[in-house]
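Novice:
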Amino acid sequence: MLDPKNLFQNLERARTKLAQRRSNVDLGQFEQLYQKRLDAIRTFEENRALQNRLSQDFKKVARDPEAGPRMREELKVLSDRIRELEKEAAAAEAAINEFLLFVPNLPHDSVPVGESEADNVVVRVVGEPKKLDFEAKPHWEVGQRVGVLDLETAAKVSGARFALYRGYGVYLELGLARFMLDVARESGYEPILPPYMVLRESMMGTGQLPKFEEEAFKTDDLYLIPTAEVPVTNMHRDEILDGERLPIRYVAYSSCFRREAGAAGRDTRGITRVHQFQKVELVKFATPETSYDELEKLVGNAEEVLKRLELPYRVSALSTGDIGFSAAKCYDIEVWLPGQNTYREISSCSNFEDFQARRAGIRYRPAGDPKGKPRFVHTLNGSGLAIGRTIVALLENGQQADGSVVLPEALVPYVGVRVLEPR
RNA sequence: GGAGAGAUGGCCGAGUGGACUAAGGCGCUUGACUCGAAAUCAAGUGACCCGGUGACGGGUCCGGGGGUUCGAAUCCCUCUCUCUCCGCCA
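Heads up, the first sequence is in the numbering used here, so the first residue is 2 and it goes up one at a time.
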């Protein structure tokens, strides 16, 4: 959520920024609501102050048979009026919050201005896209052949867009999770295994709701998490953190559940886009002064996994037209997939600045200043990495002419074998 | 699922209608004492909103929401969560 006061004072700048990200939000409406709120609060407070004073006076004459009842009548009129004014002020406040929940974050000045993902800027390419001396197959064929993926059975059990791992596929999945957790912990992240179901409040806090209701799976009153970002960021909801503790780093393993609404026809084959997948997620809470440095480090932490897995990849800065609702800046890491002859997103790392912190009420008291005002933290997160897509990359990059798959050295202790043999 | 108890500032904890403008303690900050420290003493220590360049002034907040009242931390209704006991379960 944007800061209402700040927004009110910088409407033109916000209009420009929102236009860059192709938002059709009408800030004129906000301006009106905000002005209305100011007026309502002022009137209410003036009357309340008066009431507080008169109430004290009333105590002195309450028992007077003449003045007592008369003043009580007067105060009752004032009391009724104040009740109305209070409702008005509260309604104005609520209207503003309601409105702001649908306003996306403003892109940071360093974000490339553009219309769409075509305007994303590649900032570095690491490793050579692998050239195979035979015809590369897509992961669903490779995985089926070595017996780690069974998509027909997945469809039989759960319908379209599900993955079923079997045999070494299970060890690959769990081994990668453990591997990624270990890599992150080396860099100071505390491992977390969060609940997979969260309150509506938590989904609001990180910005999935209310705007993207149709993307989420839900039970009676709980939502299945679309990413561990939701439970982990909300761990500190409505808290004032000690500035000494920042940056706080968590690495979480969880399943993720997504409807993939609007993705009909895209990535229908394989496990690139499924309703349930596992992911290791990096989450940080940082001060505003350091959050952009922390973003670079976080991207580096995610890249470290790919480097150790010997997978070629590139990093792109998303343009204003492609950036997510809550993000101020976002990098995508895309891994090379020879079987599909393309780079494919495997991680998305964002700085949300105080957008989520404001929604979720996550503040900190600046270090070394016990009397300092609490300030909103900056929240960041990024995949480190999406496990299903990592398996896709390992299968496609490691495939051999004979149908086997050679895994990177670093994974051997985690999976138990170096080569997956065709069945 | 049944029965009971509870939710107050960073923490502990008092508070059953008007001086609560939330006691007291812990913690923290500053000062005094000290060569320095500890101990001791003294003062200060919440969040948010509105107005003001500022000093400051005003308002709201005692788990959430609603109600009674001239006036609510305090009385009533309701919801949520926590704890204890019983039942059930991995």
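Positions of the beta carbon are idealized from the N, C-alpha and C atoms, including for glycine. It should be emphasised that the depicted structure is a prediction, and the values quoted were computed from it without experimental measurement.
Decide yes or no for the touch test of the region 247 to 267 against the region 283 to 302: beta carbon pairs closer than 8 Å, at least 3 of them.
Specialist: yes
Novice: Exposed or buried, Q357, counting other C-beta atoms within 10 Å across all chains shown (16 or more means buried)?
Specialist: buried
Novice: Look up L344 in the DSSP assignment and give the residues it is bridged to.
Specialist: Reading off the sequence, residue 344 comes out as Tyr, not Leu. In DSSP, Y344 forms a bridge with W337.
Novice: Please specify which runs of the alpha helix (DSSP H), each continuous and at least 4 residues long, are wholly inside the region 153 to 192, giving them in chain order.
Specialist: 169 to 187
Novice: Examine the ligand ADP and report whether any of its heavy atoms sits within less than 7 Å of the Cβ of L310.
Specialist: The ligand ADP is not part of this structure, which contains no ligands at all.
Novice: Once the 5 residues before and after N352 are set aside, which same chain residues still bring their CB inside 6 Å of it?
Specialist: S292, L296, A329, K330, L381
Novice: Can the beta-carbon of H379 be found less than 8 Å from the beta-carbon of T288?
Specialist: yes
Novice: Comparing C-alpha positions only, which one of A361, N53, F377 sits nearest to R201?
Specialist: A361
Novice: Where does the unbroken beta strand (DSSP E) through E136 begin, and where does it stop?
Specialist: Premise fails: E136 is in no beta strand (DSSP E) and is neither H nor E.
Novice: Could you pull the start and end residues of the alpha helix (DSSP H) that E94 belongs to?
Specialist: 68 to 101
Novice: Can you check whether the CB of H140 is closer than 8 Å to the CB of G340?
Specialist: Yes, the pair counts as a contact, with Cβ atoms nearer than the cut-off.
Novice: Would you kindly report the start and end of the unbroken alpha helix (DSSP H) that includes A361?
Specialist: 356 to 361
Novice: Classify T220: buried if its beta carbon has 16 or more other beta carbons within 10 angstroms, exposed otherwise.
Specialist: exposed
Novice: Have a look at V231, I42, N11 and flag the residue whose alpha-carbon is nearest the alpha-carbon of G29.
Specialist: N11
Novice: Which residue or residues does DSSP assign as beta-bridge partners of K330?
Specialist: Per DSSP, N352.
Novice: What number of angstroms, rounded off, separates the C-alpha of Q279 from the C-alpha of K37?
Specialist: 47 Å
Novice: Put M198 into one of helix, strand or coil per three-state DSSP.
Specialist: strand
Novice: Drop a sphere of 10 angstroms on the beta-carbon of A303, count the other beta-carbons inside from all chains shown, and report buried for 16 or more, exposed for fewer.
Specialist: Around the beta carbon of A303, 16 or more other beta carbons lie within 10 angstroms, which makes this residue buried.
Novice: With a threshold of 8 Å, are at least 3 pairs of Cβ atoms found where one atom belongs to the region 214 to 231 and the other to the region 187 to 202?
Specialist: yes
Novice: Once the 5 residues before and after V275 are set aside, which same chain residues still bring their CB inside 6 Å of it?
Specialist: R162, F163, A164
Novice: I need the boundaries of the alpha helix (DSSP H) containing D243, first residue and last residue.
Specialist: In the DSSP assignment, D243 falls outside any alpha helix (DSSP H) and within the unbroken beta strand (DSSP E) covering 240 to 243.
Novice: For a quick check, are the C-beta atoms of G168 and V143 less than 8 Å apart?
Specialist: no
Novice: In angstroms, rounded to a whole number, what distance separates the CA positions of P105 and F326?
Specialist: 5 Å
Novice: What residue does the beta strand (DSSP E) around T380 start on, and which one ends it?
Specialist: 379 to 387
Novice: Looking at C-alpha atoms only, which residue of D120, E94, R49, E99 is the closest neighbour of L76?
Specialist: R49
Novice: From what residue to what residue does the alpha helix (DSSP H) around K6 run?
Specialist: Note, K6: alpha helix (DSSP H), 5 to 10.
Novice: If contact is defined by three or more beta carbon pairs under 8 Å, each pair taking one atom from either stretch, is the region 11 to 25 in contact with the region 103 to 120?
Specialist: The region 103 to 120 vs the region 11 to 25: in contact.
Novice: May I ask you to verify whether the region 122 to 136 touches the region 305 to 318, counting CB pairs closer than 8 Å and requiring at least 3?
Specialist: yes
Novice: Taking the C-alpha atoms as reference points, what is the distance between K60 and Q209?
Specialist: 52 Å
Novice: I'd like to check one pair, G322 with E87: are the Cβ atoms closer than 8 Å?
Specialist: no
Novice: Looking only at its own chain, which residues have a Cβ that is under 7 Å from the Cβ of H237, when we skip the five neighbours before and after it?
Specialist: F286, I363
Novice: On the criterion of 16 or more Cβ atoms from any shown chain inside 10 Å, does P1 qualify as buried, or is it exposed?
Specialist: Here the chain comprises residues numbered 2 to 424, so residue 1 is not present and cannot be evaluated.
Novice: Could I get the ranges of all uninterrupted beta strand (DSSP E) runs contained in the region 208 to 257, with 3 residues as the minimum, in chain order?
Specialist: With a minimum length of 3 residues, the continuous beta strand (DSSP E) runs that stay inside the region 208 to 257 are 240 to 243.
Novice: Is it buried or exposed for G189, if we count other Cβ within 10 angstroms and need 16 for buried?
Specialist: exposed
Novice: With a CB to CB cut of under 7 Å and the five nearest residues on each side skipped, what residues in its chain are close to K131?
Specialist: Listed in chain order, the non-local C-beta contacts of K131 below 7 Å within the same chain comprise P313, W337, P339, N398, local neighbours out to five positions each way being set aside.
Novice: In terms of residue numbering, what span does the alpha helix (DSSP H) encompassing E305 cover?
Specialist: E305 -> alpha helix (DSSP H) spans 292 to 309.
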